[in-house]
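Per this note's numbering, the sequence shown starts with residue 220, numbered consecutively.
No residue lacks a Cβ here, since even glycine has one placed at the ideal position from N, Cα and C.
Every value quoted in this text rests on a predicted model; they were computed, and no experiment measured them.
Have a look at the structure below before the remarks.
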Amino acid sequence: IRSWSGLIMSLATVVIIVQEAIITTVANDIISPLHDRMPVILEPRDYDLWLHHQVSQRELLQPLLIPYDAQKMSVYPVSTTVNNVRNNSPECIIPVELDNN
C-alpha cells in the first residue's frame, strides 16, 4: 500500500489457510472391537446439506453425526505397515493373510 506521495506505508498479503477436521462419533458394531470412536461417514444423499454454506443450524446437522451402518462396511487384516503414520501407500490397505499361530 502506498501513500499519495508514493511512499510504501505497508505491505499487504493474502494468506489462504486450509483447515480440516475429522469429526468422530461412537463406534458401530464392526468398529467397536477395535476402538470406541469412529469417523463420521456421510451418505451421498447428505453431502449437499453438509456442504451448504448457509446451513449452520445444529438441528439440521446433528442427525448426520451418527455411526455409519456396519452392514455397509467390511473389516480385513492389513500389513503392520499401517502402524507407522509416515507410511502413506497402497500397501496400507492391501489385505493380508493372518498367521494362525
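Beta-carbon gap between residue i and residue j smaller than 9 Å
i              : j              : result
proline 247    : alanine 289    : Sequence check: residue 247 is asparagine here, not proline. Their beta carbons are under 9 Å apart, which means asparagine 247 touches alanine 289 by this criterion.
valine 315     : leucine 284    : no
arginine 256   : threonine 243  : yes
isoleucine 312 : valine 301     : yes
valine 294     : isoleucine 241 : no
leucine 268    : leucine 253    : no
Enclosing beta strand (DSSP E) for residue i [first to last residue]
i             : result
arginine 256  : 256-258
valine 301    : Here valine 301 belongs to no beta strand (DSSP E), and DSSP marks it neither H nor E.
threonine 243 : 243-245
With 16 other Cβ atoms within 10 Å as the buried cut-off, status of residue i
i              : result
methionine 292 : exposed
Reduced DSSP category for residue i - H, G, I as helix; E, B as strand; rest coil
i           : result
proline 286 : coil
proline 296 : coil
proline 252 : coil
Anticipated Cβ contact below 8 Å, residue i with residue j, distance rounded
i           : j           : result
leucine 317 : proline 286 : Going by Cβ atoms, the distance from leucine 317 to proline 286 rounds to 26 Å, so no, they are not a contact pair.
Unbroken alpha helix (DSSP H) run spanning residue i, endpoints
i             : result
leucine 261   : No alpha helix (DSSP H) holds leucine 261; DSSP gives it neither H nor E.
glutamate 278 : 277-280
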